[in-house]
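Going down the list, the protein sequences come from chains A and B.
Under our numbering, read the first sequence as residues 277 to 584, first letter to last.
Under our numbering, read the second sequence as residues 2 to 676, first letter to last.
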Amino acid sequence: MTSPKRRRLLAASLLSVVAPAARALSTDGSAFPAAHPGSHRIATPDRVSTETLLALGVAPVAAGARSVYAAMGGTPPLPADVADIGYWFEPNLEVMRELRVDLILIEAMSSSLTDVLRRIAPIFVMDIYSGNGHPDFVERSSSEMFRFARSIGRESIAQRYRRSLDARLAALRDGMRGYGRRPAFIAQLDPSGQSVFLYARNCVAWDVMRRLGFDNAWTGATNTYGCVQVGIDQLASAPDADLFYIDYGAQAQAALAQLEDSVVWNSLPLVRRRRVYPIAPFDPLGGLPTAIQFAESFHAAVVARGRR
Amino acid sequence: MNGVTTSPGRARGTGLRPLHTVGVLGLLAAGIGAVCLSRYVPFAHWGGLLSGTSGTHVDDLRLLMARYVYLPRCVVSLLAGAMLGLAGAMLQHVLRNPLADPTTVGVSAGASLSLAVVSLWFPALLAYGREVVALVGGMAALGLVLTVSWRRAFSPVGVILGGLLVTLTAGAATSVLMLFFGESLVSVFVWQTGSLYQSGWSVATQLAVEGVAGVVVVALIVRPMAVLELGDDGARSIGFPPGLIRATALVAAAALTGAVVSAVGVVGFVGLIGPWLARFSGARTLAQRLVWAPAISACLLWLADGCVQMFGQPGAEVPTGVVTALVGAPLLLWMMRYLRDPPPAAPSRDAAVPLADRQRQRVAWGVAGASILVLCTVVAAAFNRELAGWHWGAWDHVASMLPLRAPRIGGAAAAGGMLGIAGVLMQRMTGNPMASPEVLGVSSGASLAMIVLMFALPSAASGMQMGASALGALLATMSVFALALRRTYSAERLILTGIAITTVLGSLVALLMASGDPRMSFLAAWMAGSTYRVQMPAAMLALGLLAAAIALLPFISRPLGILTLGEQAARSVGVAVRRYRLMMLGLTAVTTGAATVIVGPVSFVGLMAPHIARLLGFRHAAMQALMAAFVGSVLLVVADWLGRNLLFPNQVPAGLLVMFVGGPYFLILMWKQNR
Numbered sequence: 277m278t279s280p281k282r283r284r285l286l287a288a289s290l291l292s293v294v295a296p297a298a299r300a301l302s303t304d305g306s307a308f309p310a311a312h313p314g315s316h317r318i319a320t321p322d323r324v325s326t327e328t329l330l331a332l333g334v335a336p337v338a339a340g341a342r343s344v345y346a347a348m349g350g351t352p353p354l355p356a357d358v359a360d361i362g363y364w365f366e367p368n369l370e371v372m373r374e375l376r377v378d379l380i381l382i383e384a385m386s387s388s389l390t391d392v393l394r395r396i397a398p399i400f401v402m403d404i405y406s407g408n409g410h411p412d413f414v415e416r417s418s419s420e421m422f423r424f425a426r427s428i429g430r431e432s433i434a435q436r437y438r439r440s441l442d443a444r445l446a447a448l449r450d451g452m453r454g455y456g457r458r459p460a461f462i463a464q465l466d467p468s469g470q471s472v473f474l475y476a477r478n479c480v481a482w483d484v485m486r487r488l489g490f491d492n493a494w495t496g497a498t499n500t501y502g503c504v505q506v507g508i509d510q511l512a513s514a515p516d517a518d519l520f521y522i523d524y525g526a527q528a529q530a531a532l533a534q535l536e537d538s539v540v541w542n543s544l545p546l547v548r549r550r551r552v553y554p555i556a557p558f559d560p561l562g563g564l565p566t567a568i569q570f571a572e573s574f575h576a577a578v579v580a581r582g583r584r
Numbered sequence: 002m003n004g005v006t007t008s009p010g011r012a013r014g015t016g017l018r019p020l021h022t023v024g025v026l027g028l029l030a031a032g033i034g035a036v037c038l039s040r041y042v043p044f045a046h047w048g049g050l051l052s053g054t055s056g057t058h059v060d061d062l063r064l065l066m067a068r069y070v071y072l073p074r075c076v077v078s079l080l081a082g083a084m085l086g087l088a089g090a091m092l093q094h095v096l097r098n099p100l101a102d103p104t105t106v107g108v109s110a111g112a113s114l115s116l117a118v119v120s121l122w123f124p125a126l127l128a129y130g131r132e133v134v135a136l137v138g139g140m141a142a143l144g145l146v147l148t149v150s151w152r153r154a155f156s157p158v159g160v161i162l163g164g165l166l167v168t169l170t171a172g173a174a175t176s177v178l179m180l181f182f183g184e185s186l187v188s189v190f191v192w193q194t195g196s197l198y199q200s201g202w203s204v205a206t207q208l209a210v211e212g213v214a215g216v217v218v219v220a221l222i223v224r225p226m227a228v229l230e231l232g233d234d235g236a237r238s239i240g241f242p243p244g245l246i247r248a249t250a251l252v253a254a255a256a257l258t259g260a261v262v263s264a265v266g267v268v269g270f271v272g273l274i275g276p277w278l279a280r281f282s283g284a285r286t287l288a289q290r291l292v293w294a295p296a297i298s299a300c301l302l303w304l305a306d307g308c309v310q311m312f313g314q315p316g317a318e319v320p321t322g323v324v325t326a327l328v329g330a331p332l333l334l335w336m337m338r339y340l341r342d343p344p345p346a347a348p349s350r351d352a353a354v355p356l357a358d359r360q361r362q363r364v365a366w367g368v369a370g371a372s373i374l375v376l377c378t379v380v381a382a383a384f385n386r387e388l389a390g391w392h393w394g395a396w397d398h399v400a401s402m403l404p405l406r407a408p409r410i411g412g413a414a415a416a417g418g419m420l421g422i423a424g425v426l427m428q429r430m431t432g433n434p435m436a437s438p439e440v441l442g443v444s445s446g447a448s449l450a451m452i453v454l455m456f457a458l459p460s461a462a463s464g465m466q467m468g469a470s471a472l473g474a475l476l477a478t479m480s481v482f483a484l485a486l487r488r489t490y491s492a493e494r495l496i497l498t499g500i501a502i503t504t505v506l507g508s509l510v511a512l513l514m515a516s517g518d519p520r521m522s523f524l525a526a527w528m529a530g531s532t533y534r535v536q537m538p539a540a541m542l543a544l545g546l547l548a549a550a551i552a553l554l555p556f557i558s559r560p561l562g563i564l565t566l567g568e569q570a571a572r573s574v575g576v577a578v579r580r581y582r583l584m585m586l587g588l589t590a591v592t593t594g595a596a597t598v599i600v601g602p603v604s605f606v607g608l609m610a611p612h613i614a615r616l617l618g619f620r621h622a623a624m625q626a627l628m629a630a631f632v633g634s635v636l637l638v639v640a641d642w643l644g645r646n647l648l649f650p651n652q653v654p655a656g657l658l659v660m661f662v663g664g665p666y667f668l669i670l671m672w673k674q675n676r
């Protein structure tokens, strides 16, 4: 989906955020639990749990689908020696048993697996996406990170991570001083050229944009995970907005080609004012580290857009 | 029409005319349409819609949206409805079955698969337009169906079975992609749900052109098509080759369907119910039905789409295709009360002759079957891929992994065995060697219940999910019972009902996948036949049920053998046909239901295992069932073992692997038959 080059750039920029925390950890020698007798051997089947654990400076012994994690621009990056346990919806039980996993960290989206996973090890469920959704993504995901960090005795590292995240968000916000702060749609274009998939309330994009001083232009309903599919005429609901489409390469280009022929698209205020811009892909189903990933993508997209 | 008619007294008694039906539906739809339009543009300014100028109070954007979003959508719903109705009327005539839906010939399944493949690996092709890609895929599927039914002169049974096999196989392939690449396929699901949303006139124009072309072709072949009512021999005797007529009509109907499907996605049941309503309200001749069915279908879809827009949340409505499917499924069951079957076809000779198997051969194969099953089980338990590569486990090691492997192996063996037995029962009861328990609707019932549970209680534990799907299986079983009690039923009707329900299931699943909710992956995995979630209690229960079913076999062996000879023959030797039928139907439903909970709704085990047992020379009913149980068990145990190891550490669902072998196997088999 995203080009390898962009992915590397993305990873590099994200690394620069996490690096201070990671360095601090490696100097006091507590970065990896294997170094400590009695520390946990943790498996993280889904991306939320993988990136949350890594952000706490602990490498899992086994993580779900390494290739997907990398393709979604997973941050922090996975160390090479972490075993792969396959797709998150069916994490390989035998590998977890072989590796003598003694704690499994999952997000609530996997909670229907608890009966199956209980046979391997105790389970810790983080609850970031549930019920009617939670618009305060950063607070929600960091309190869940803290709750887990307490249970493995790493609360101070969680706090340090949160402080570095706040500092980075503040820096990015300052970096966009002087840039026009119109509300913005975050959209995945559909190749049919008739509908778009919007990321708004409950999604990482909603809360991070707010923290960067921008409003999400879609204020209508979304699902638990903060997305909704709407017809393109709905983009007229915010005449003054920008539209950032997620740049999935050929798929996005095919969609744009279809849209260019559409009367409705061409009459949308934001199209007439030429306010359609690309934004680098981000993980719409992530944990707290995704906030940094999206913030960097959004900052880069706004800078590329210009001050207008 | 060959005995397939609605009860004529009913239509005559109510004095219903097709025009009345169209009038009522049309007025309703127009009323709702007017309300919807007034949301865009107040009534007083409707004049501006045509003249292109707006009054001072309506801003230009709203007028523009009404003209380029609302109005084309109305026209598309009318055109798509009419084309589906025309295609449905033709298919029902050509296939001599009032339950034939335009989806019967595999067009929509082929279109979905081609869209998924292109989106994943050739996204640049999408720039030519989704319509082209979907149309090519749909026509390829039709080509396949026509190829395999070629040698049977495109007989109704051949086309229906070919359509079912192509639909299921393409559906299986799509579900693999859905499982592993779901996040990149959201737009395919969005299409598949059948949204009529428009953003310009291009789709409407294209549909209009295609529709007119379709009408011209249909007008040319309407007379030859009417001749088919005389039966194949009758048609031949007055110089019309029935095969050629059917092929032409099928291609025309499928092209009409393909045009609609590629433009707006899968819109189920409209093409089935329109023609049926036309016949119900008194359109007797083919020509009458070809006129009224499109009119009624057009109004139906217009009405359905109006309701969706009126009651839906603006901008994020439930897709119309999903609504027609949800309303259509119960309607279909209700309709079946008013249909009479054609006289049952003579049972196929292949299944009918109960040869006495030689004693020694039977014992030898029984022993061989059991030892192969034991061997496969041992290999599946002990020889697997692990982190360091392939590993033949020592006992200690296997013992530590066994609690994880045993439920899956045991569950697979039990499910395979039960499907094998259910398959033999179905094929014997219907006298059709291509029948299979998957078409009974039981597995679809189980899946639907599971989906409802996921909606109502998203975090339900796996035990609850199993309970729900068992309950769904039971409900489906009971409705099948109710139908079977009412009158004799034909295999084709069961198959067509199966296809229709599969379509509902497909659009519901697409709706869920299109929502962007990641939890739908669990559903997708189960639907694809994964044994991942099977735990020891469920596996033990399934094995117990299998044992009970095997123990029952000697008791139903004799009536089963006699039933195969046909109902009359059975009655003449004093067999209580109805009671035995019900008993066997019950056994089929219970075994299919239990197996579905474990390996999901799609697998060809119930079709393949009986067939392989027969190839091995087992013709005696009970022995065939027993061997089919062995074969089914072996198939699923091996598939589960392969599934756990092929893409290690990822796991490929077992049901899907069987499907990939089974689908093509049966298509080839059909092609070779009647040589």
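Glycine included, every Cβ here is placed at the ideal spot set by N, Cα and C.
Bear in mind that the values here come from a model prediction, so they are computed numbers and not experimental data.
Could you give the residue range of the beta strand (DSSP E) that holds residue i?
i, result
"B/I274", "Looking at the DSSP string, B/I274 is not in any beta strand (DSSP E); the run it does join, the alpha helix (DSSP H), is 271-281."
"A/C503", "503-507"
"A/F490", "Taken as a continuous stretch (DSSP letters only), A/F490 belongs to no beta strand (DSSP E), as it is neither H nor E."
"B/G390", "390-393"
"B/N385", "384-387"
"A/I400", "Looking at the sequence provided, one finds Phe at residue 400 of chain A rather than Ile. Here the beta strand (DSSP E) through A/F400 covers 399-402."
Can you name the start and end residues of the alpha helix (DSSP H) that residue i belongs to?
i, result
"B/G607", "606-616"
"A/T320", "Not the alpha helix (DSSP H): A/T320 falls in the beta strand (DSSP E), residues 318-320."
"A/A463", "Careful: A/A463 lies outside any alpha helix (DSSP H), inside the beta strand (DSSP E) at 460-465."
"B/W182", "The question names Trp, but residue 182 of chain B in the sequence shown is Phe. It spans 157-182 - the alpha helix (DSSP H) in which B/F182 sits, taken as one unbroken run."
"B/I246", "243-265"
"B/S188", "187-193"
"B/L586", "578-600"
"B/V292", "287-312"
Name, please, each residue of chain B whose Cβ falls closer than 9 Å to the Cβ of residue i.
i, result
"A/P398", "Simply none; closest approach about 16 Å."
"A/S471", "S188, V191, S196, Y198, S200"
"A/P557", "Chain B residues near A/P557: none, gap ~11 Å exceeds 9 Å."
Can you check whether the CB of residue j is closer than 8 Å to the CB of residue i?
i, j, result
"B/L85", "B/V271", "yes"
"A/P554", "B/L127", "no"
"B/L657", "B/S176", "yes"
"A/D518", "A/A481", "no"
"A/A346", "A/T326", "no"
"A/C503", "A/P560", "yes"
Please list, in chain order, the chain B residues whose beta carbon lies closer than 8 Å to that of residue i.
i, result
"A/S440", "The premise fails here: A/S440 is roughly 28 Å from chain B at the closest Cβ pair, so nothing lies under 8 Å."
"A/E366", "A526, S531, Y533, N651, Q652"
Can you name the residues of chain A whose CB is closer than 8 Å to the CB of residue i?
i, result
"B/E230", "Those within 8 Å of B/E230 in chain A number zero; the least Cβ separation is about 41 Å."
"B/Q207", "Within chain A, no residue comes near B/Q207; the closest Cβ sits about 13 Å away, beyond 8 Å."
Looking only at DSSP bridge pairs, what is residue i linked to?
i, result
"A/I522", "A/I555"
"A/I382", "A/V401"
"A/D360", "A/A339"
Give me the chain A residues within the contact set of residue i, using Cβ-Cβ distance strictly less than 7 Å, ordered along the chain.
i, result
"B/L515", "The sequence given here has Ala at residue 515 of chain B, not Leu. Per Cβ cutoff of 7 Å: Q505."
Problem set entry | Selection of the region 534-554 of chain A by Cβ proximity to chain D, strictly under 9 Å | Absent from the structure is chain D; the protein chains it does hold are A and B.
For this session: Could you say if the region 138-153 of chain B and the region 100-116 of chain B meet the contact criterion of at least three C-beta pairs nearer than 8 Å?
Result: Yes: at least three Cβ pairs fall under 8 Å.
For this session: Could you tell me whether the region 574-588 of chain B touches the region 597-605 of chain B, using the rule of 3 or more Cβ pairs below 8 Å?
Result: Judged by pairs of C-beta atoms under 8 Å, the region 574-588 of chain B does not touch the region 597-605 of chain B, as fewer than three such pairs exist.
Exercise. Per the contact definition of three or more C-beta pairs closer than 8 Å, is the region 192-204 of chain B in contact with the region 69-80 of chain B?
Worked result: Flag = yes, the region 69-80 of chain B and the region 192-204 of chain B touch.
Exercise. Counting pairs of beta carbons, one from the region 511-527 of chain B and one from the region 342-361 of chain A, are three or more of them closer than 8 Å?
Worked result: Here the region 511-527 of chain B does not lie against the region 342-361 of chain A, with fewer than 3 beta-carbon pairs under 8 Å apart.
For this session: Kindly confirm or deny that the region 389-399 of chain B and the region 408-418 of chain B touch, where touching means at least three C-beta pairs closer than 8 Å.
Result: Not touching, per the Cβ criterion.
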